[in-house]
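Here is the structure we will look at, set down as structure tokens.
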Amino acid sequence: MLDNECPIGVFDSGLGGLTVARCIATSLPHESIYYLGDTKRCPYGVRSEEEVRSFVLQAGRWLSARNIKIMIIACNTATAAGLRIAQQMLPVPVIGVIAPGARAAINSTRTRKVGVLATSLTVRSGAYTRAIQDLDAGVDVYGCPAPSFVEMVEKELATGAHLQERWLQNGDVFDTPENRMEVERTLAPLISGGVQVDTVVLGCTHFPLLAGPIRHALGPDVRVVSSAEETTRELEDILRRRELLASDDTVPMHRFATTSDNIAEFAAAGSFIFGQPLQSIEHVSLDDLSER
Ligand code: DGL
544 MLDNECPIGV FDSGLGGLTV ARCIATSLPH ESIYYLGDTK RCPYGVRSEE EVRSFVLQAG
604 RWLSARNIKI MIIACNTATA AGLRIAQQML PVPVIGVIAP GARAAINSTR TRKVGVLATS
664 LTVRSGAYTR AIQDLDAGVD VYGCPAPSFV EMVEKELATG AHLQERWLQN GDVFDTPENR
724 MEVERTLAPL ISGGVQVDTV VLGCTHFPLL AGPIRHALGP DVRVVSSAEE TTRELEDILR
784 RRELLASDDT VPMHRFATTS DNIAEFAAAG SFIFGQPLQS IEHVSLDDLS ER
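Heads up, the sequence shown is in this note's numbering, so the first residue is 544 and it goes up one at a time.
Encoded structure:
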């Protein structure tokens, strides 16, 4: 039986969705969260749409069995491939991050030229172009695939134990000369291709972690937006309309599950992104997920 105290299910291919979970935890401090990161099968962005769609359904069924009141697909790639089928098949409302990302882009652009930085699968799916042009058909959308970014982030995060310390020292562990170079190389079509976007939407939940090098490459005239805040607003709206918001006296529980075999690494990197220690982490085997 669904009630206000039930957790919000949040799903991502790995750690990136914690950028969205963090925003939810900050903006809706009484809400409980059940996060599932399919780290073992990350990255999704290089896989086929069909495969990712089946992973989304597995995750959705696993989370639904944990009595979630709503599911957020906090992964653009998984949203592009599986939002529709998840909405059709799961017993709870499901929201993705692409429509909110599109709204953030529309609210920001003045020149009506928007760049979308995302995984290859997301760009190829055309989901962002459709979502943005559904809001304003006159906006030109330039997709820019960034196939190496997810691995860049995951590689940096794998140094887990040092993250907290290094972050405290220099403020941004991801803003390194090597990352700046790779980001500039990837963004070249947007920067020097003569397309003159005034807004770039980070169409992958891993990418806010690379905001430093991305902002540096794009320069001060281009706004960089992501979907976390808009997604949280939409979530709050849906919960309010369904009278499912947690009451102000609820003590929230934040639970985390991962398919990774390395819980310590997930805990260190996850705490860094979530902005507070991940207290309760469980391992989920791929057999457990794929039974569903
Ligand atoms: N964080 C996912 C997204 O928002 C991508 C990571 C992946 O490729 O698995 O698209």
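Here a beta-carbon is modelled for each residue, glycine too, at the ideal position from N, C-alpha and C.
Is the beta carbon of V693 within less than 7 Å of some heavy atom of the ligand DGL? Taking the sequence shown and counting its residues from 1, one reaches residue 693 at position 150. Under cutoff, so the answer is yes.
Relative to the ligand DGL, what is the chain-ordered list of residues with a Cβ closer than 5 Å to any of its non-hydrogen atoms? Put simply, the residues with a CB less than 5 Å from any heavy atom of the ligand DGL are S556, G559, C585, P586, Y587, G588, C618, N619, T620, T662, V693, C747, T748, H749, in chain order.
Please name the residue, chosen from E594, R655, D555, V696, that lies closest to D679 on a Cα-to-Cα basis. Within the sequence shown, the letter at position 136 stands for residue 679. With distances taken between Cα atoms, D679 lies closest to R655.
If I'm right that V595 touches T620 with Cβ under 8 Å, what's the distance once you round it to whole angstroms? Reading the sequence shown from its first residue, position 52 is the one you call residue 595. Reading the sequence shown from its first residue, position 77 is the one you call residue 620. About 6 Å; that satisfies the 8 Å criterion.
With a 10 Å radius around its C-beta and 16 neighbouring C-beta atoms as the bar for buried, classify N650 as buried or exposed. Position 107 of the sequence shown, counted from the first residue, corresponds to residue 650. So N650 ends up on the exposed side.
Does R785 pass the burial test, meaning 16 or more other C-beta atoms within 10 Å, or should it be called exposed? Taking the first residue of the sequence shown as 1, we reach residue 785 at position 242. Around the beta-carbon of R785, fewer than 16 other beta-carbon atoms lie within 10 Å, marking it exposed.
I816 beta carbon less than 8 Å from that of L561: For this step, residue 561 is matched to residue 18 along the sequence shown. For this step, residue 816 is matched to residue 273 along the sequence shown. It is a contact, given that the beta carbons lie within the stated cut-off.
For F554, which beta-bridge partners are listed by DSSP? One-based indexing of the sequence shown puts residue 554 at position 11. Looking at the DSSP output, F554 bridges to L579, I616.
Go to P732, then tell me how far its alpha helix (DSSP H) extends in each direction, as first and last residue. Looking up residue 732 in the sequence shown gives position 189. Element bounds for P732: 720-734.
Find the nearest neighbour of E808 within the set L558, E725, E548, I551, judged by alpha-carbon distance. Position 265 of the sequence shown, counted from the first residue, corresponds to residue 808. Comparing alpha carbon positions, the residue from L558, E725, E548, I551 closest to E808 is L558.
Roughly how many angstroms separate the alpha carbons of V666 and L660, rounded to a whole number? To locate residue 666, count along the sequence shown from 1; it is residue 123. To locate residue 660, count along the sequence shown from 1; it is residue 117. So the two alpha carbons sit approximately 8 Å from each other.
Could you say if the region 640-649 and the region 741-750 meet the contact criterion of at least three C-beta pairs nearer than 8 Å? Below 8 Å, enough C-beta pairs join the region 640-649 and the region 741-750 to call them touching: three or more.
What is the residue span of the beta strand (DSSP E) that D683 lies within? In the sequence shown, residue 683 corresponds to position 140, counting from 1. For D683, the enclosing beta strand (DSSP E) begins and ends at 683-688.
Can you give me the start and stop residues for the alpha helix (DSSP H) that V666 sits inside? Here residue 666 refers to the residue found at position 123 of the sequence shown. Here the alpha helix (DSSP H) through V666 covers 663-668.
Inter-residue CB distance, A629 and L600 (contact presumed, cutoff 8 Å): What you label residue 629 is simply residue 86 of the sequence shown in a count that begins at 1. What you label residue 600 is simply residue 57 of the sequence shown in a count that begins at 1. Beta-carbon to beta-carbon, A629 and L600 are separated by about 6 Å, close enough to satisfy the 8 Å threshold.
Could you please give me the residues that DSSP links to F799 through a beta bridge? As a position in the sequence shown, residue 799 is number 256, starting the count at 1. DSSP, once it has assigned bridges, lists Y578, I824 as partnering F799.
Do the region 570-580 and the region 795-804 make contact, defined as three or more Cβ pairs closer than 8 Å? Taking 8 Å as the limit for Cβ pairs, the verdict is that the region 795-804 does touch the region 570-580.
Less than 8 Å between the C-beta atoms of C566 and A771, yes or no? Residue 566 sits at position 23 when you count from the first residue of the sequence shown. Residue 771 sits at position 228 when you count from the first residue of the sequence shown. Taking 8 Å as the cut-off, the Cβ atoms of C566 and A771 count as close.
Could you check which residue in R673, H749, M632, T719 has the C-alpha nearest to that of P690? Reading the sequence shown from its first residue, position 147 is the one you call residue 690. The candidate whose alpha carbon is nearest that of P690 is H749.
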